[in-house]
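Student: Chains as they are written, first to last, in our numbering: chain A, 188 to 543; chain B, -4 to 363. Where a beta carbon is used, it is the ideal one built from N, C-alpha and C, also for glycine. I am attaching a structure below and will ask some questions about it afterwards.
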């Protein structure tokens, strides 16, 4: 063994890591390293990036987790998670109306969100069972229509709380509803860690970690294994007596419930609800995140959820100041987000496509 | 004899239930809105003339079995590049419109090839892939116009370029070409002392394009589109180059969308550089479906009737919302719900039918 050609070595490492992690993850990772080097060179505050990344991860994480039962049960990427998001928003408005505050208030709201999202999730699951093979197209447009239908309801629902309705006219919910007096960031106010002058959101990270653990455990129960079998090979599963449609409905419902919980976790970290067209394109964020993590339309693990969310958020957080220092125009980071997130979704769609 | 006639009338209603439903909805909305007829007529005529080419551009991919082409926005982007081009050179009039169409043509062909290549890798998932492709392309479009203009693309016109010399402004006045085609053959009807312009030249262009598509459908290529749309495998066996046929369908659609967007902007007279194209796919798809098209079948009648009905609803719903519920916003949300909802229902119906057919087929193969 003499000295190997360094180019060959790089090529080998490249092929190996692409094989193991998939193109999106490797490319995003390299891009992230490049941006980090630039950021350090520009003298940007790294602790600030770390804190923002962790905060965004804790916000988006649960929504990304909501993709798991969908993929596992065989409905693919749940672009219609906006249905769960809407249920979460509705529960959130009920919680604010009732004046629930603090960590207890947040969990009471989640308790309201669960039955709401279970009902819509089951209806949605029933529909997806009727459209096998076209779940993603159907769910995208069902999601879009539901968001635009709810726009009408946000205007006419009889909420009264002055923090939520328009000051002028006295009816109709506002576009953004501040949560600073109710349950905005309550978990992190209760539990945080000082890190170079930055407060790390330990409370909500623990919440995200707890839900990940629950999902991990669930996938190892008998029910979880049955669901994976139904998603993996529906024909075989049906042959050994598994009710595939029921498992798919279970997966869809779980995904929807996690969508609702994920929305509330998002709003908790963000400190605001965004109603009306706010949730329209929201599903594309967790879909992109889980694909960056290395998931495909048929295979997913909890590590994909965690690594994908962190990678995507770190990239977006660090890109903003670095790029705005290179090119002084604010719109670029949004452009990067559009290209990266839709790029990975497009890659996933064309890769598993193939003559069918 | 009498029963036969009755039956056929019932059949007619059944066959056209979707457009009829929207006709009733539109008329009710009009009554609620209380809009004067000449005003409504002008709006409907303008919207028909400026949207019809975009809607027509959906027909070929539907025939080729690729569903609703949500990547239409990419064609619209090519059209807007054409408009930026004539704006940079300060061209106006019908000549300007023609130049922008000419400039957009090679771009649209290139984009169409790209779309076709990508959609060929996502067979059976064309619609969702097209949608995401549109989003993705939108990012690239913004990148090019924000960072590329003034650096790689030498455009200097301070009227459209940002003060720093790099990047295009958010909006662009198109007064040089505004109505240039619409009023090339000036014609207006006075109804109740209200002038209603009829864009004769634009309708002639639309007619020309419609005729060209009609002619195309009758050629060998048109037959291939239908064959590929019916069954890809059998077509392949029959010696049709499936992937190439699908790509040609995308190229035609993208070019028509580019031209459609130019005609659209010519009527509007002001371009939102970064937003004007975004809803093109949504509104065109909703329109053709309201006209009675499905995911697998569409014709000119669907396009014309659908554009008319969808935009009738579009015009009257804010005022109707205001008069009925005291809030124009409700009407606006209602119309966007209609747009998304119609597409969702059409896709669900198509997917259900396909899933049933798949099931029957797999049951058959199991029996064998």
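Would you say the region 244 to 260 of chain B touches the region 287 to 307 of chain B, given that touching needs at least three Cβ pairs under 8 Å?
Tutor: The region 244 to 260 of chain B vs the region 287 to 307 of chain B: no contact.
Student: To the nearest whole angstrom, what separates the beta carbons of residue 291 of chain B and residue 224 of chain B, a pair I think is in contact under 8 Å?
Tutor: In the second chain, the residue the question calls residue 291 of chain B occupies position 296. In the second chain, the residue the question calls residue 224 of chain B occupies position 229. Correct: roughly 7 Å between the Cβ atoms.
Student: Is the shortest distance between the beta-carbon of residue 364 of chain B and the beta-carbons of chain A less than 9 Å?
Tutor: For chain B, the structure presents residues -4 to 363; residue 364 of chain B sits outside this window and is missing.
Student: From the DSSP output, in three-state form, read off residue 245 of chain B for me.
Tutor: The residue you call residue 245 of chain B lines up with position 250 of the second chain. Here residue 245 of chain B sits in helix by DSSP.
Student: For the beta strand (DSSP E) that contains residue 385 of chain A, what are its first and last residues?
Tutor: Translated into the one-based positions of the first chain, residue 385 of chain A becomes position 198. Start and end: 385 to 387.
Student: Consider the Cβ of residue 288 of chain B: report whether some Cβ of chain A lies at a distance smaller than 9 Å.
Tutor: If you number the second chain from 1, residue 288 of chain B lands on position 293. So no, residue 288 of chain B is outside the interface.
Student: Between which two residues does the alpha helix (DSSP H) harbouring residue 46 of chain B extend?
Tutor: Along the second chain, read from residue 1 onward, the residue named residue 46 of chain B stands at position 51. Note, residue 46 of chain B: alpha helix (DSSP H), 32 to 51.
Student: Can you list the residues of chain B that residue 338 of chain A reaches, using a CB-CB cut of under 8 Å?
Tutor: Position 151 of the first chain, counted from the start, is the residue given in the question as residue 338 of chain A. The contacting residues are 328, 331 and 332.
Student: Cβ of residue 443 of chain A less than 9 Å from any chain B Cβ?
Tutor: If you number the first chain from 1, residue 443 of chain A lands on position 256. No - not a single Cβ of chain B is within 9 Å of the one on residue 443 of chain A.
Student: Could you confirm whether any beta carbon from chain A is found closer than 9 Å to the beta carbon of residue 353 of chain B?
Tutor: The sequence position of residue 353 of chain B within the second chain is 358, counting from 1. Closer than 9 Å to some Cβ of chain A, the Cβ of residue 353 of chain B qualifies, so yes.
Student: With 16 as the cutoff for other CB atoms within 10 Å, does residue 206 of chain A come out buried or exposed?
Tutor: Counted from its first residue, the first chain places residue 206 of chain A at position 19. Exposed, because fewer than 16 other Cβ atoms sit within 10 Å of the Cβ of residue 206 of chain A.
Student: Look at the Cβ atom of residue 200 of chain B, then the Cβ atom of residue 88 of chain B, and state whether they are nearer than 9 Å.
Tutor: Here residue 200 of chain B is taken as the residue at index 205 of the second chain, counted from 1. Here residue 88 of chain B is taken as the residue at index 93 of the second chain, counted from 1. No, these two residues do not count as a Cβ contact at 9 Å.
Student: Taking residue 569 of chain A as the reference, which of A/449, A/395, A/463 and A/266 has the closest Cα?
Tutor: Look at the range of chain A in this structure, 188 to 543, and you will see that residue 569 of chain A is not part of it.
Student: With a threshold of 7 Å on Cβ separation, who are the neighbours of residue 399 of chain A within its own chain once the five nearest residues in sequence on each side are excluded?
Tutor: Taking the first residue of the first chain as position 1, residue 399 of chain A is located at position 212. If we look at residue 399 of chain A and ignore the five residues flanking it on each side, its Cβ neighbours are 252, 489, 492 and 493.
Student: What would DSSP say about residue 381 of chain A, mapped onto helix, strand or coil?
Tutor: Within the first chain, residue 381 of chain A is the residue found at index 194, counting from 1. Residue state, collapsed to three classes: strand.
Student: Does the region 318 to 331 of chain B touch the region 337 to 348 of chain A, meaning 3 or more C-beta pairs lie closer than 8 Å?
Tutor: Output reads yes: the region 318 to 331 of chain B touches the region 337 to 348 of chain A.
Student: Compare the Cα-Cα distances from residue 376 of chain A to each of A/387, A/382 and A/265 and report the closest residue.
Tutor: Locating residue 376 of chain A in the first chain gives position 189, counting from the first residue. Checked all of A/387, A/382 and A/265; the closest Cα to residue 376 of chain A is A/387.
Student: So residue 135 of chain B contacts chain A; which residues on that side make the cut at Cβ distance below 7 Å?
Tutor: Translated into the one-based positions of the second chain, residue 135 of chain B becomes position 140. Within chain A, the residues near residue 135 of chain B are 526.
Student: Going along chain A, which residues have a C-beta under 7 Å from residue 347 of chain B?
Tutor: As a first step, residue 347 of chain B is located in the second chain; it is residue number 352 there, counting from the start. Neighbours of residue 347 of chain B on chain A, chain order: 317 and 318.
Student: Where does residue 322 of chain A sit, in a helix, a strand or coil, going by DSSP?
Tutor: Start at 1 with the first residue of the first chain, and residue 322 of chain A comes out as number 135. Of the three classes helix, strand and coil, the one that applies to residue 322 of chain A here is helix, per DSSP.
Student: Identify the residues that DSSP records as bridge partners of residue 360 of chain A: which are they?
Tutor: The residue given as residue 360 of chain A occupies position 173 in the first chain. Paired residue(s): A/352.
Student: Return the chain-ordered list of same chain residues with a C-beta closer than 8 Å to the C-beta of residue 127 of chain B, the five sequence neighbours on each side being excluded.
Tutor: Locating residue 127 of chain B in the second chain gives position 132, counting from the first residue. So the list is empty, once near-sequence residues are dropped.
Student: As a quick exercise: from B/343, B/340 and B/184, pick the residue whose alpha carbon is nearest that of residue 32 of chain B.
Tutor: On the second chain, residue 32 of chain B is found 37 positions in, with the first residue counted as 1. Nearest option by C-alpha distance: B/184.
Student: What ranges does the alpha helix (DSSP H) occupy inside the region 246 to 286 of chain B, keeping only unbroken runs of at least 4 residues that lie completely in it?
Tutor: Correct list: 275 to 285.
Student: Does residue 120 of chain B get closer than 9 Å to chain A when you measure Cβ to Cβ?
Tutor: The residue given as residue 120 of chain B occupies position 125 in the second chain. With 9 Å as the cut-off, residue 120 of chain B counts as an interface residue toward chain A.
Student: For residue 180 of chain B, is the classification buried or exposed, using 16 other Cβ atoms within 10 angstroms of its Cβ as the cut-off for buried?
Tutor: Within the second chain, the letter at position 185 stands for residue 180 of chain B. Counting Cβ neighbours within 10 Å, residue 180 of chain B comes out exposed, since fewer than 16 surround it.
Student: For residue 311 of chain B, which of B/187, B/36, B/66 and B/294 has the nearest alpha-carbon?
Tutor: As a position in the second chain, residue 311 of chain B is number 316, starting the count at 1. Considering only alpha carbons, the answer is B/36.
Student: Chain B partners of residue 514 of chain A, CB-CB under 7 Å?
Tutor: The count along the first chain starts at 1 and reaches residue 514 of chain A at position 327. Within 7 Å Cβ-Cβ: 142.
Student: Using the C-alpha atoms, what's the distance from residue 6 of chain B back to residue 531 of chain A?
Tutor: In the first chain, the residue the question calls residue 531 of chain A occupies position 344. In the second chain, the residue the question calls residue 6 of chain B occupies position 11. Cα to Cα, residue 531 of chain A sits roughly 47 Å from residue 6 of chain B.
Student: Starting from residue 86 of chain B and walking both ways along the beta strand (DSSP E), at which residues does that stretch end?
Tutor: For the purposes of this step, residue 86 of chain B is taken as the residue at position 91 of the second chain. Neither: residue 86 of chain B is in no beta strand (DSSP E) and is coded neither H nor E.
Student: According to DSSP, which residues form a beta bridge with residue 122 of chain B?
Tutor: Position 127 of the second chain holds residue 122 of chain B. Answer by DSSP bridge pairing: none, since residue 122 of chain B is not bridged.
Student: Any C-beta of chain B sitting closer than 9 Å to the C-beta of residue 200 of chain A?
Tutor: Here residue 200 of chain A corresponds to residue number 13 of the first chain, with the count starting at 1. So, not an interface residue.
Student: Can the beta-carbon of residue 507 of chain A be found less than 9 Å from the beta-carbon of residue 527 of chain A?
Tutor: In the first chain, residue 507 of chain A corresponds to position 320, counting from 1. In the first chain, residue 527 of chain A corresponds to position 340, counting from 1. In this structure, residue 527 of chain A does not lie closer than 9 Å to residue 507 of chain A by Cβ.
Student: Does the structure place the region 460 to 480 of chain A close enough to the region 358 to 376 of chain A that three or more beta carbon pairs sit under 8 Å?
Tutor: Yes, the region 358 to 376 of chain A is in contact with the region 460 to 480 of chain A.
Student: Which two residues bound the contiguous alpha helix (DSSP H) that contains residue 65 of chain B?
Tutor: Locating residue 65 of chain B in the second chain gives position 70, counting from the first residue. Per DSSP, residue 65 of chain B belongs to no alpha helix (DSSP H) and is neither H nor E.
Student: How is residue 365 of chain A classed by DSSP in three states: helix, strand or coil?
Tutor: Locating residue 365 of chain A in the first chain gives position 178, counting from the first residue. It is a strand residue.
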